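S.K.: Numbering (our numbering), first residue to last: 613 to 686.
Here it is: the structure, laid out below.
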């Protein structure tokens, strides 16, 4: 991915152009002087099921915690 840098004031004037280039795969770093303040990147849709099975939840996850959990000093 090509990355370019532009000052915020110039970006305000050229926003439509930046959005068009971003949609084509260009990443923009917006700066205030020489300080980076934001990044404009192409949108990418999330992929459902990409990490299926990566997270495990105990079958008793929703069960109430035992009383010892609340009263113990340990």
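Backbone N, C-alpha and C fix where the C-beta goes; we use that ideal spot for every residue, glycine too.
As the structure is a prediction and not an experimental result, all values here were calculated from the model.
Below 8 Å, how does it come out for the region 624-642 and the region 660-668: are there three or more Cβ pairs, yes or no?
M.R.: No: the two stretches stay apart, fewer than three of their Cβ pairs being nearer than 8 Å.
S.K.: Could you tell me the alpha carbon to alpha carbon distance between residue 684 and residue 678, rounded to whole angstroms?
M.R.: Rounded to the nearest angstrom, the two C-alpha atoms are 10 Å apart.
S.K.: I'd like the span of the alpha helix (DSSP H) that includes residue 631, first residue to last.
M.R.: First-last of the alpha helix (DSSP H) with residue 631: 627-635.
S.K.: Compute the distance between the beta-carbons of residue 643 and residue 620, then report whether it is under 8 Å.
M.R.: A contact, by the Cβ cut-off of 8 Å.
S.K.: What's the gap between the Cα of residue 616 and the Cα of residue 652?
M.R.: Taking the straight line from one Cα to the other gives about 10 Å.
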